[in-house]
Structures are given as C-alpha cells and as structure tokens.
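All the letters of the sequence shown, read from the start, carry residue numbers 1 to 170 under the UniProt record's numbering. Built from N, CA and C at the ideal position, the CB exists for glycine as well.
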Amino acid sequence: MHVLIAYATAHGSTQGIAEHLGKVLAAHGADVEVRSAGDVDAIDGYDVFVIGSAVHDQRWLPTAVDLVRRHAGELSGHPVWLFSVGMPGALRRPLNRWAYAEEPKLLAQFEGVLEPLGHRLLSGVVRPDQLPWTGRLAFRAIGGRYGDYRDWSEIEAWAATIAATSAIDS
Numbered sequence: 001m002h003v004l005i006a007y008a009t010a011h012g013s014t015q016g017i018a019e020h021l022g023k024v025l026a027a028h029g030a031d032v033e034v035r036s037a038g039d040v041d042a043i044d045g046y047d048v049f050v051i052g053s054a055v056h057d058q059r060w061l062p063t064a065v066d067l068v069r070r071h072a073g074e075l076s077g078h079p080v081w082l083f084s085v086g087m088p089g090a091l092r093r094p095l096n097r098w099a100y101a102e103e104p105k106l107l108a109q110f111e112g113v114l115e116p117l118g119h120r121l122l123s124g125v126v127r128p129d130q131l132p133w134t135g136r137l138a139f140r141a142i143g144g145r146y147g148d149y150r151d152w153s154e155i156e157a158w159a160a161t162i163a164a165t166s167a168i169d170s
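The structure is reproduced here in structure tokens:
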C-alpha cells in the first residue's frame, strides 16, 4: 500500500506527528511518503491518505484545507484519515473538555466534501514564543501550561488502527 501523509504545520509539532505516523505505518509494511500539504500537487498513485493540520483559531491551516478541497473527488474513492493538532493537553480541566468538544467543528469544514474513516484531535507542543504577548497573558489566565503534550503511544496506537483498517498490515 502506498500511503500519503500530508500535513500543515505552524511551528513543527504537526510535522513531528506526521513523521512519527509515517514511521509506524512503514513498520506495518506500508510504502509511506510524508509531505507538507503545500508541496502536494498530485495525489494519484496513493492508496491511503492521512491528512493533518495544526489548529489555529479553531480551524485547520489554509494549505491543508486547500489540499482536501482541491482533491476531494480523488480522495473520495480511497481510505482517508484526518488528524488535527491543538492544545487540549495544555489546558486544565474543565477547559480541556471544551477543547475536545470543539472536534466536531473541525470536521464540519469538510461536510459534503469528504467523509473520512476517522479523525483524531491530538495535543501538540505549546511554547511561549508561539504566542503574542496578549496570547501568553490569556493562556496563563485560563491555566494553560507550556510543554510538549504529544502522546506518542496514543499516536502509535492510532497508526496501528489505520494500518489494520486500511489493510496495510503485512
């Protein structure tokens, strides 16, 4: 199986997740290409698609949205998995519940365009230098915590699910 993992990242966290997904799927026997969404022109030749984006202002980054919309017709005949990378892990309860409750809004932008086999909202890295001073102030005021919240075991388990469901497992 030839798998394309396309991602849109702002600060590198989503790219790291995409690359890790690629390693895990390759270990399951897939032929994997991991590429920035902005560098993907054609998608012919791939059997399975995993597309992800960093989430800013409760939306995917434009390059990832554009990729999905431009190739919606071609994608519809293949297994497609989506992932979003945000900051739910950086928020304390009850705010992290609010962040996870936003997941349906992330998928709503693709209603009528694409029906993915699955979607995962993953936590990424949150550093002070990624936010303007007003954002840092607001983030701290709501109890936000800086750090790397990527859960590699969760990502690996999800990749194994993708492999099994998409008939990648060798």
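S123 counts as buried, since at least 16 other C-beta atoms from the protein chains shown sit within 10 angstroms of its C-beta. A residue is called buried when at least 16 other Cβ atoms come within 10 angstroms of its Cβ; S153 does not meet this threshold and is exposed.
Every alpha helix (DSSP H) stretch that sits fully inside the stretch 27-105 and reaches 4 residues is listed by chain position as 62-70, 72-75, 95-101. In terms of Cα proximity to E156, the closest of V65, M87, Y146, A18 is A18. DSSP places D148 in the strand class (E or B) of the three-state scheme.
Counting along the chain, R120 sits inside the beta strand (DSSP E) bounded by residues 118-123. Annotation: A6 is outside any alpha helix (DSSP H); the continuous beta strand (DSSP E) that includes it extends over 2-8. In this structure, the beta-carbon distance from W81 to G118 falls below 7 Å. Closest option to G89, judged by alpha-carbon separation, among S166, H2, G147, K23: G147.
Less than 7 Å divides the Cβ of V85 from the Cβ of T14.
Rounded to the nearest whole angstrom, the C-alpha separation of A8 and A141 is 28 Å. Non-local C-beta neighbours of T63 in its own chain, meaning closer than 6 Å and more than five positions away in sequence, comprise A8, A37, G38, ordered along the chain. Sorting Y46, V50, D44, A10 by C-alpha distance to the C-alpha of G22 places V50 at the top. Bounds of the alpha helix (DSSP H) holding L137 are 133-141. Around the Cβ of L137, a 10 Å sphere holds fewer than 16 other Cβ atoms; the residue is exposed.
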